[in-house]
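Participant: This is the structure I have questions about; it appears just below.
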């Protein structure tokens, strides 16, 4: 995993290929963190401006 970062001008899509990946994000508006575990074939979307580690 990468250190927490954000993309000010892009939305980020992450797809799990094998194994499990736990991930989280904090929305730009400061809402509570959203956490999830991705299994192979699942994806998550990190909206533009959200803080995330992957």
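In full-length UniProt numbering, the protein residues as written are 1 to 54.
Idealized CB from N, CA, C, for every residue including glycine.
Does the distance from the CB of residue 8 to the CB of residue 53 come in under 8 Å?
Facilitator: Cβ distance not < 8 Å, so residue 8 and residue 53 don't count as in contact.
Participant: Unbroken beta strand (DSSP E) runs of length 3 or more, entirely within the UniProt domain "Cupin type-1" (1-52): which are they?
Facilitator: You should have 12-15, 21-25, 34-38, 43-46.
Participant: Tell me the rounded alpha-carbon separation between residue 42 and residue 23.
Facilitator: Near 12 Å, if we compare the C-alpha coordinates of residue 23 and residue 42.
Participant: Would you say residue 11 and residue 47 are within 8 Å of each other, going by their C-beta atoms?
Facilitator: Contact flag set, yes.
Participant: Does the distance from the CB of residue 20 to the CB of residue 2 come in under 8 Å?
Facilitator: Result no, Cβ atoms of residue 20 and residue 2 do not sit closer than 8 Å.
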